[in-house]
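A short worksheet on the structure shown next.
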Amino acid sequence: GYEIAARAFPLERRGVQWIALAPIAPARWLLAKWTGVMALAVPLIALAAVIVTAGLGLGPAGVLPVLGSGLAALVGLVSVGLWTGTHFGDFAWTHPRAMLTLPGRLVAAAFMIVQLIVWLGIAVIGQVVGSESVRQALLWAPLIAAPLLALLPLAATLRRIGRLGSWA
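Structure, rendered in C-alpha cells:
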C-alpha cells in the first residue's frame, strides 16, 4: 500500500497542476486517491492475512485479528505514502524507483520501523498481560488508533496540494 501511495502523485508528473483548475475540491481529490490506493492494496492484505493465518495454523478464526492488524497498518502506510509522494516526489523521474528522493525514502523507512515497533510492542504486551479483556482491547487498539494517526499525514498532504505551485 505504501509503495502504491508514494508513487500516486509523482506518477502524474506535471499533470498534477490541473488539480488547481479542476472543479473538484482538493480534499475530495485526495480522498479519491486514498480510496484508489486502498482498493488496490486491501486485496493484497487480505491474501496475506489468509496466508499468514494458514502458515501459523491459527485456523479460520485467526484470520480476522490478522486481517485487522494488517488493515490498521495499511491505513497508516497509505496515508504516509501519499504524504511522502507529495513532499518528496521527483516529478522528473526516469525510472519508477526514482519517483521518491532519498530523504523521502529515509522518512518513510523511519515511519515503517516505528510503526512495526509499535505493533510488535502491542503484540508483546498482549502476550505478557494475563487478562483476556486487556488482550481483546489490544487487538482492537490499532484499528482505532490507525485512522486517527493517519489524519496527520493526510492533513499535511492536503496542505501541500493547496500549494501546488511550490511542488508541481
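Read left to right, the sequence shown gives residues 846 to 1013 (the numbering used here). By construction, the Cβ of each residue, glycine as well, lies at the ideal position given by its N, Cα and C atoms. Predicted, not measured: the structure shown is a model, and the values here were computed from it.
Residue 910 lies in the alpha helix (DSSP H); which residues open and close that run? Residue 910 sits at position 65 when you count from the first residue of the sequence shown. It spans 908 to 933 - the alpha helix (DSSP H) in which residue 910 sits, taken as one unbroken run.
Residue 908 and residue 894: beta carbons closer than 8 Å? Here residue 908 refers to the residue found at position 63 when the sequence shown is read from its first residue. Here residue 894 refers to the residue found at position 49 when the sequence shown is read from its first residue. Yes, the pair counts as a contact, with Cβ atoms nearer than the cut-off.
Please look up how many angstroms separate the CB atoms of residue 1018 and residue 952, rounded, as I've assumed it's under 8 Å. As displayed, the chain neither begins before 846 nor continues past 1013, which places residue 1018 out of reach and without an answer.
Note down the Cα distance separating residue 879 from residue 916, rounded to an integer number of angstroms. One-based indexing of the sequence shown puts residue 879 at position 34. One-based indexing of the sequence shown puts residue 916 at position 71. About 14 Å.
DSSP bridge partner residues for residue 945 (one or two, in chain order): Your numbering for residue 945 matches position 100 in the sequence shown. Its beta-bridge partners are 934.
My parser needs the alpha helix (DSSP H) runs of 4 or more residues fully inside the segment 960 to 1009; what are they? 977 to 1007
Could you check the C-alpha separation between residue 925 and residue 949 for me, to the nearest Å? The residue given as residue 925 occupies position 80 in the sequence shown. The residue given as residue 949 occupies position 104 in the sequence shown. Spanning the two alpha carbons is a distance of roughly 10 Å.
Delimiting residues of the alpha helix (DSSP H) encompassing residue 1014: Any property of residue 1014 remains undetermined from this structure, which presents the chain solely from 846 to 1013.
Between residue 1013 and residue 968, what straight-line distance do the alpha-carbon atoms span, to the nearest angstrom? In the sequence shown, the residue the question calls residue 1013 occupies position 168. In the sequence shown, the residue the question calls residue 968 occupies position 123. Model confidence at residue 1013 stands at a pLDDT of 43, short of 50, so the residue's coordinates are unreliable; what they give is reported in the following sentence. Roughly 41 Å between the two C-alpha positions.
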